[in-house]
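Below is one structure, written out as structure tokens; comments come after it.
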């Protein structure tokens, strides 16, 4: 996958849709926004995450995963968007999805 500026714009638009549908917790929206913006660079380093959110990389990845976890009330389109965005972010941030949600390669 090519994490270029068009991917970032598209992903930010998807995030906006998910937020307007109230299918993402308001406090986790900024973390997902940050994850999208840093995806073209392979994710942020621990120092940037500590300064920005007060957590390390593993905790940050787990929080993003929690923010994109499907809810019981999500319709099929919202579930698909969340899964697609989570898969793309996991790939960009080099997260091992075969292991636990926060396992970073």
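Numbering (the numbering used here), first residue to last: 13 to 117.
We treat Cβ as the ideally placed atom computed from N, Cα and C, and that holds for glycine.
Among the options, nearest to residue i - alpha-carbon criterion
i: residue 70; options: 108, 88, 82 and 15; result: 108
i: residue 98; options: 24, 38 and 17; result: 24
i: residue 16; options: 42, 89 and 54; result: 54
i: residue 78; options: 33, 14, 32 and 39; result: 39
i: residue 106; options: 50, 85, 93 and 86; result: 50
i: residue 65; options: 42, 34, 27 and 82; result: 42
i: residue 34; options: 102, 84 and 96; result: 84
Coil, strand or helix - residue i by DSSP
i: residue 90; result: helix
i: residue 22; result: helix
i: residue 33; result: coil
i: residue 82; result: coil
i: residue 101; result: helix
i: residue 47; result: helix
i: residue 67; result: coil
i: residue 40; result: coil
Distance CB(residue i)-CB(residue j) smaller than 8 Å
i: residue 73; j: residue 52; result: no
i: residue 104; j: residue 76; result: no
i: residue 45; j: residue 30; result: no
Residue i versus residue j: straight-line alpha-carbon distance, rounded
i: residue 63; j: residue 57; result: 10 Å
i: residue 67; j: residue 100; result: 22 Å
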